[in-house]
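Peer 1:
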């Protein structure tokens, strides 16, 4: 058998084993499922996801998780690089302790699938008999695409989530201002706001709820909001943290500071919408030139060109 075929079969076997282990691990143990069910039944509807999620984090990692962590350890690099990747995953909405290992394992699996796919692609469209350098080129090209594809997807998802959080931040601040002016404390207002805007803006609601949980666990409000700004990657959130810190330090009205910040965020959102609308005319030039104008020329000049061709043909 060809050595390349042996390597391909081996990669398929390894990938199949990893996928099977992931499926088995995803099922969870019966004891853990029963505990999750009982705790979720006893919790309120608002706290049920947090109870189940907290229990899942306390479980001991299984064999597949440990194997994935050992395999992906060389890919993590330095502690700084690992922290940066964990922060990027948090900005995309993946805050689990195994998020880094799962993400890197996904990159390896897609790279392995890309290697196998590159070999099959060469068999389908490449020259025969197969040349070693061509096979290597196909395998590396498709495998590299599979390896870097999760990174591109992660960046796109983090940007999309940051945009959703930015769009919902002004509305959430308005709600917090109303509650604070009505006499509710800021921490309680944040928790109530997270419950109220869960349907309209689920991303910012989850972040507010997590910040409230961290405050209840002993973190200061400034530290919890600072962590929230790091998790979201939104510039407006960092500005909000600085404003709240200054308001608490100098004793100024928090409600007034929040109202001013909400107005500023809403103004920026309108300006971004106007900027995007102004760019539409420029962006439409390229599809017009590439697709619409050639079609118009064919319709208008086509009959004349056919007549001229017939005239010269005679």
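Numbering (this note's numbering), first residue to last: 8 to 321.
From the three backbone atoms N, C-alpha and C, an ideal C-beta is built for every residue, glycine too.
Since this is a predicted model, take the numbers as computed values, not measurements.
1. Give me the Cβ distance between residue 149 and residue 124, rounded to the nearest whole Å; I'm assuming they're in contact under 8 Å.
2. Relative to the alpha-carbon of residue 98, which residue among 114, 173, 126 has its alpha-carbon at the smallest distance?
3. Nearest to residue 179 by CA position, among 101, 251, 269, 140, is which residue?
4. I'd like to know if the region 267 to 281 and the region 240 to 247 are in contact, where contact means that at least 3 CB-CB pairs between them fall below 8 Å.
5. Report the rounded CA-to-CA distance for residue 31 versus residue 112, giving the unit in angstroms.
6. Around the C-beta of residue 218, are 16 or more other C-beta atoms found within 10 angstroms, so that it is buried, or is it exposed?
7. Have a look at residue 247 and residue 130 and give me their C-alpha separation to the nearest angstrom.
8. I think residue 184 touches residue 256, with their Cβ atoms under 8 Å apart; what is that distance to the nearest whole Å?
9. Mapping DSSP to helix, strand and coil, what is residue 246?
10. Which complete alpha helix (DSSP H) runs does the region 164 to 212 hold, if anything under 4 residues is left out?
11. Can you have a look at residue 37 and say buried or exposed, based on whether 16 or more other CB atoms are within 10 angstroms of its CB?
12. Under the rule that 16 or more other beta-carbon atoms within 10 Å means buried, what is residue 51, buried or exposed?
13. Determine, using beta carbons only, whether residue 153 and residue 193 come nearer to each other than 7 Å.
14. Compute the Euclidean distance between the alpha carbons of residue 147 and residue 161, then round it to the nearest angstrom.
15. Taking residue 271 as the reference, give the member of 168, 250, 301, 225 with the closest Cα.
16. Nearest by alpha-carbon distance to residue 191: which of 291, 96, 261, 301 is it?
17. Here's the rule: buried if 16 or more other CB atoms are within 10 angstroms of the residue's CB, otherwise exposed. What is residue 258?
18. How is the alpha helix (DSSP H) around residue 138 delimited, first residue to last?
19. Nearest to residue 198 by CA position, among 82, 165, 232, is which residue?
20. Give me, in chain order, the residues of the same chain whose beta-carbon lies closer than 6 Å to that of residue 205; leave out the 5 immediate sequence neighbours on both sides.
21. Does the distance between the C-beta of residue 173 and the nearest non-hydrogen atom of the ligand FMN fall short of 6 Å?
22. Starting from residue 237, trace the alpha helix (DSSP H) both ways and give me its first and last residue.
23. Check this for me: beta carbons of residue 168 and residue 210, under 7 Å apart or not?
24. Flag this pair as yes or no: are the beta carbons of residue 157 and residue 114 separated by less than 7 Å?
25. So what does DSSP say about residue 79, is it helix, strand or coil?
26. As a quick exercise: from 90, 155, 145, pick the residue whose alpha carbon is nearest that of residue 118.
Peer 2: Per the coordinate set shown:
1. 5 Å
2. Looking from the CA of residue 98, the closest CA among 114, 173, 126 belongs to 173.
3. 269
4. Segments in contact, yes.
5. Low local confidence applies: a pLDDT of 42 at residue 31 is under 50, so the model's placement there is unreliable, with the coordinate-based value given in what follows. The straight-line gap from Cα to Cα measures roughly 16 Å.
6. buried
7. 57 Å
8. Not confirmed; about 20 Å, so no contact.
9. helix
10. 193 to 203
11. For residue 37, the predicted model reports a pLDDT of 49, less than 50, meaning its position is unreliable and no value from the coordinates is stated.
12. Here residue 51 scores only 45 on pLDDT, less than 50, and its place in the model should not be relied on; the value that follows carries that caveat. By the 10 Å Cβ count, residue 51 comes out exposed.
13. no
14. 22 Å
15. 250
16. 261
17. exposed
18. Note, residue 138: premise wrong, no alpha helix (DSSP H); not H, not E.
19. 232
20. 212
21. Looking for the ligand FMN in the displayed structure turns up nothing, as the structure carries no ligands at all.
22. 228 to 239
23. yes
24. yes
25. In this structure, residue 79 counts as helix in the three-state DSSP scheme.
26. 155
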